[in-house]
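Chains as they are written, first to last, in our numbering: chain C, 1331 to 1445; chain P, 907 to 1019.
Ideal placement from N, C-alpha and C gives every residue a C-beta, glycine not left out.
Small disclaimer: the values here were computed from a predicted structure and weren't measured.
The next block holds one structure in the form of structure tokens; read it before the comments.
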Amino acid sequence: GAVVSQHPSWVICKSGTSVKIECRSLDFQATTMFWYRQFPKQSLMLMATSNEGSKATYEQGVEKDKFLINHASLTLSTLTVTSAHPEDSSFYICSARVPGFDEQFFGPGTRLTVL
Amino acid sequence: GDSVTQMEGPVTLSEEAFLTINCTYTATGYPSLFWYVQYPGEGLQLLLKATKADDKGSNKGFEATYRKETTSFHLEKGSVQVSDSAVYFCALSQGAAGNKLTFGGGTRVLVKP
Chain C
1331 GAVVSQHPSW VICKSGTSVK IECRSLDFQA TTMFWYRQFP KQSLMLMATS NEGSKATYEQ
1391 GVEKDKFLIN HASLTLSTLT VTSAHPEDSS FYICSARVPG FDEQFFGPGT RLTVL
Chain P
907 GDSVTQMEGP VTLSEEAFLT INCTYTATGY PSLFWYVQYP GEGLQLLLKA TKADDKGSNK
967 GFEATYRKET TSFHLEKGSV QVSDSAVYFC ALSQGAAGNK LTFGGGTRVL VKP
């Protein structure tokens, strides 16, 4: 099956710094990728839809200047958490959609801890 | 807006026991319904899906039936194995799984030998 990777798997940073998370489709080209956020013991919440070569579509309530998404190639999307604060600590998960299929393939997630 | 509610875990049971995880939804129109599974250290995987009322999705011994009258999509397995220990997520989309997904909170299942 299609494989999606994320890097790093976990990261700890100081408040005020920026952190970049990568999402890669390893064996297929993904025109659409999704970024989710999961709080402890809570549901996955869609943050944004990332389309290759165009601006991301953010869900209501998600700050686009805070969570920068770039989908510059068909195999890579990045999420940058800018000026991170402790409340940004969370588990971030990406998924990729295979063209022609109606299924999303998920990455293993990245745990961000902001001190 | 759309929402999914599933039973809270953890659910702990013995090998070969019967498993049921309840899932109900609120949505406009006729959503597609999904169950995803997340094994330790891995990404979510699609377990099964149903796209219209009365459809039954099945995979790896798991089954779920799309019940529009009760807005439910309960997951069942007749005889669980230790390898079924995972977190299970119920989800819906207004369209195919390639479209935006709305997830339930997840249910952790632990199967003991």
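Using Cβ-Cβ distances below 7 Å, what residues of the region 960 to 994 of chain P are close to chain C?
If the cut-off is 7 Å between Cβ atoms, the region 960 to 994 of chain P has nothing near chain C.
Starting from the beta carbon of Pro1338 of chain C, find every residue of chain P whose beta carbon is closer than 8 Å, and list them in chain order.
Those do not exist, as Pro1338 of chain C stays about 14 Å from chain P at its closest Cβ, beyond 8 Å.
If you reduce the DSSP assignment to three classes, tell me which class Val988 of chain P lands in.
Here Val988 of chain P sits in helix by DSSP.
Go to Met1363 of chain C, then tell me how far its beta strand (DSSP E) extends in each direction, as first and last residue.
Met1363 of chain C -> beta strand (DSSP E) spans Thr1362 to Gln1368.
Could you tell me which residues DSSP puts in a beta bridge with Lys962 of chain P?
Answer is P:Thr971.
Hey, does Leu950 of chain P have any beta-carbon neighbour from chain C nearer than 8 Å?
Yes, contact with chain C.
If you draw a straight line from the alpha carbon of Tyr972 of chain P to that of Ser938 of chain P, how long is it in whole angstroms?
Distance between the alpha carbons of Tyr972 of chain P and Ser938 of chain P: 9 Å.
Consult DSSP for Glu1027 of chain P and reduce its assignment to one of helix, strand or coil.
In the structure displayed, chain P extends from 907 to 1019; residue 1027 of chain P sits before or after that span and is not available.
Taking only runs that begin and end inside the region 1368 to 1421 of chain C, name each unbroken beta strand (DSSP E) of 3 or more residues, in chain order.
Whole beta strand (DSSP E) segments, 3+ residues: 1374 to 1381, 1397 to 1403 and 1406 to 1411.
From Asp960 of chain P to Thr976 of chain P, what distance separates their C-alpha atoms?
The alpha-carbon atoms of Asp960 of chain P and Thr976 of chain P are separated by roughly 11 Å.
Return the first residue and the last residue of the beta strand (DSSP E) that Gln1336 of chain C is part of.
Note, Gln1336 of chain C: beta strand (DSSP E), Val1334 to His1337.
Tell me the residue span of the beta strand (DSSP E) that contains Phe1436 of chain C.
Gln1434 to Phe1436 is the extent of the beta strand (DSSP E) around Phe1436 of chain C.
Do we get a CB-CB distance below 8 Å when we pair Gly1012 of chain P with the residues of chain C?
Output row for Gly1012 of chain P: interface = yes.
Taking Thr1347 of chain C as the reference, which of C:Pro1429, C:Phe1435 and C:Phe1397 has the closest Cα?
With distances taken between Cα atoms, Thr1347 of chain C lies closest to C:Phe1397.
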